[in-house]
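First up is the structure itself, then whatever we jot down about it.
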Amino acid sequence: MKPRSSLAIVLAAGEGTRMRSAQPKVLHTIAGRSLLAHVLAAVTEAGVTATAVVVGPGQDDVAAAAKRLVPDAATFVQRERRGTAHAVLAAKSAIAQGVDDILIVYGDTPLVRPQTLSRLRAPLTKGAAIAVLGFRPADAAGYGRLIIAGDELVAIREEADASPSERAIKLCNGGIMALAGDSALAILQRIGDHNHKSEFYLTDAVEIARGMKLRAVAVEVEEDDVRGINTKSQLAEAEAVAQQRLRKAALDAGVTLVAPETVFLSADTKFGKDVVVEPYVVFGEKVTVEDGAVIRSFSHLVGAHVGKGASVGPYARLRPGTRLGDGARIGNFVEVKEAVIEAGAKANHLSYIGDAFVGANANVGAGTITCNYDGSEKHRTEIGREAFIGSNSALVAPVKIGEGAYIASGSVITEDVPADALALARGRQTIKQGWASRLRGLKLLAKKKAHSHD
Ligand code: UD1
Ligand code: CA
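Numbers in the working numbering are just positions in the sequence shown, counted from 1, shifted up by 19.
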């Protein structure tokens, strides 16, 4: 049988007033990724054949984000915010192209899993015109209620329009709907705005379909799949669920998380085999950790690649553009940015390595700083393989330290150092024999004089 074609319509035009933020709601993040990105990832993984994203007027940033995430997504602007059905009809031209199934997904429902979307589509193959995801939330406030009779969905009642007995219904609308392509437009175009908010409610599609002698059903799922985010509290709750899922997936894949509840992951964090992550580590977006690496406590990583058997932290900060080779060691209070640290190289204590290349097995001593910024531009530092940088050295970029070269401690290096050379760039030490005891003698004398005048 030919696989059914499908169009996902992601509604993202809402202002998100309840977030009390200048940022569009769907661009807020959980697990290092925007709500919109989570939803788009779920529909893509569910295998939809086309994607449309509906944004609000002036939300060019949301449209751009959608295009970046799914380059062939079509974006539509809902000029006035007149409700969820009105938003769907902003993508009318995409619907009119004709597909087997239409999936309507709200951009503020980021935890939906691809398998849940597939479950929702299943009733359409058995002749239903509409399938709606239902769930029983701990707190139903704000959700539409699903009115069921037998195995059919009769209506969805928005809370503001519900009677007291309808409000007592525990089964709620998850905000994700599948519509059969052949009847979708006819249903959507009949939706009116005769309700409490004078909005075109997508949820009215159910009663209209039944009036057209079409069938609607509910598919019940766990609350975590359909948590809607309207407030910062709900954003934090969704973050907690996302983190739990990511930790579980990492553990199931064989990563050792000593205290999983203290480790924060991003949706795109990638681990090899036998990786150990100690308590209290934060992984921002775009981090890969290869086999056998150890990430020690209180480290913060973003945009970094950690090679096989490398060791990071405790208290290390890896910023975007960091690439650690196999067995490299980055120790406590070391910050690395835009830098390649080749295999076996070490920076074990108190350093800043930015815009740099550190060759294999080089040793960067405690307190070494690459002075990469001159106040207006960034410059590069290159440290050759096997080089030794003595403690508390400042390498003023642009500068190259040759292979196997040796930098004396406390040097301020402003010129290139040839391979295998020693560079000393600090004041020469002088010794004044007996100077300290003479000083003490003078002080004692002064004190005695003062007393004799009392
Ligand atoms: C909606 C549902 C409710 C359901 C809940 C699930 C309706 C009428 N109500 O309520 O039954 O229980 O979601 O979370 O559908 N949007 C637009 N344009 C608009 C209005 C909304 O694009 O004109 C988008 C929003 O960006 C959001 C989504 O549609 O992503 C849902 O809108 P929202 O206002 O959050 O609906 P709820 O009140 O949560
Ligand atoms: Ca909502």
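Glycine residues also receive a C-beta, built at the ideal position from the N, C-alpha and C atoms. Please read these numbers as outputs of a predicted model, since none were measured by experiment.
{"Query": "Contact test: Asn192 Cβ vs ligand 2 heavy atom, cutoff 6 Å", "Result": "no"}
{"Query": "Whole alpha helix (DSSP H) elements within the region 77-119, 4-residue minimum", "Result": "79-88, 103-109 and 111-115"}
{"Query": "For Phe154: DSSP bridge partner residues", "Result": "Cys191"}
{"Query": "Whole-angstrom distance between Gly340 and Ala427, CA atom to CA atom", "Result": "28 Å"}
{"Query": "8 Å contact criterion, which Ile227 and Phe219 should meet: CB distance rounded", "Result": "Actually they do not touch by this definition, with Cβ atoms about 11 Å apart."}
{"Query": "Cβ contact (3+ pairs, closer than 8 Å) linking the region 244-253 and the region 119-132", "Result": "yes"}
{"Query": "Residue span of the alpha helix (DSSP H) that contains Ala144, given as start and end", "Result": "The identity of residue 144 in the sequence shown is Thr, whereas the question assumes Ala. First-last of the alpha helix (DSSP H) with Thr144: Pro133 to Thr144."}
{"Query": "Test item: CB-CB of Thr70 and Val58 under 7 Å", "Result": "no"}
{"Query": "Member of Ala278, Ile166, Thr281 and Lys267 whose CA lies at the smallest distance from the CA of Ala237", "Result": "Ile166"}
{"Query": "Rounded separation between Leu254 and Met38 - CA only", "Result": "9 Å"}
{"Query": "Bridge-paired residues (DSSP) for Phe290", "Result": "Val308"}
{"Query": "Residue environment, Arg186, which counts as buried when at least 16 other CB atoms sit within 10 Å", "Result": "exposed"}
{"Query": "Ile28 to Val73 span [Cα, whole Å]", "Result": "7 Å"}
{"Query": "Environment of Leu205 [buried if 16+ CB atoms lie within 10 Å]", "Result": "First, the amino acid is wrong: residue 205 is Ala here, not Leu. That one is exposed."}
{"Query": "Outcome for Gln78 when other beta-carbon atoms lying within 10 angstroms are tallied against a minimum of 16", "Result": "buried"}
{"Query": "Neighbourhood of Gly403 by C-beta distance below 8 Å, restricted to the same chain and skipping five residues each side", "Result": "Gly378, Ala381, Lys419, Ile420, Gly421, Glu422, Gly423, Ala424 and Ala438"}
{"Query": "Cutoff 8 Å; reference Ser53; Cβ partners in own chain excluding five residues on either side", "Result": "Val45, Leu46, His47 and Ala84"}
{"Query": "Cβ-Cβ separation, Leu30 to Thr103 (assumed contact under 8 Å), whole Å", "Result": "6 Å"}
{"Query": "Length at least 3, wholly inside the region 379-415: the beta strand (DSSP E) runs in chain order", "Result": "388-390, 400-402 and 413-415"}
{"Query": "Any non-hydrogen atom of ligand 1 within 6 Å of Lys100 CB", "Result": "It should be noted that the sequence gives Arg, not Lys, for residue 100. Yes, since a heavy atom of ligand 1 falls inside the 6 Å radius drawn around the Cβ of Arg100."}
{"Query": "Gly247 beta carbon near ligand 2 (any heavy atom closer than 6 Å)", "Result": "yes"}
{"Query": "Check: Asp10 C-beta below 6 Å from any heavy atom of ligand 2", "Result": "It is not possible to answer for residue 10, since the shown part of the chain is limited to 20 through 473."}
{"Query": "Beta carbon of Ile121 nearer than 7 Å to that of Leu198", "Result": "yes"}
{"Query": "Residues near Thr68 in its chain [Cβ-Cβ closer than 6 Å; skip 5 each side]", "Result": "Ser24 and Ser25"}
{"Query": "DSSP-derived helix/strand/coil call for Val436", "Result": "strand"}
{"Query": "As assigned by DSSP and simplified to three states, the class of Lys468", "Result": "helix"}
{"Query": "Nearest-angstrom Cα separation, counted from Ala50 out to Ala224", "Result": "33 Å"}
{"Query": "Distance CB(Gly350)-CB(Asn367) smaller than 7 Å", "Result": "yes"}
{"Query": "Identity of the residues DSSP links to Glu171 by a beta bridge", "Result": "Ala168"}
{"Query": "Touching by the beta-carbon criterion (3+ pairs, under 8 Å), the region 287-298 and the region 263-277", "Result": "yes"}
{"Query": "Near ligand 1: Gly33 beta-carbon under 6 Å from a heavy atom", "Result": "yes"}
{"Query": "Proximal residues to Ala106 (C-beta, below 7 Å), its chain only, five neighbours per side dropped", "Result": "Leu30, Ala32, Val73 and Gln97"}
{"Query": "Residue span of the beta strand (DSSP E) that contains Glu357, given as start and end", "Result": "Arg348 to Ile360"}
{"Query": "Residue from Gln263, Phe352 and Leu265 with nearest C-alpha to Phe317", "Result": "Phe352"}
{"Query": "Rounded straight-line distance, which links the Cα of Leu463 to that of Val415", "Result": "46 Å"}
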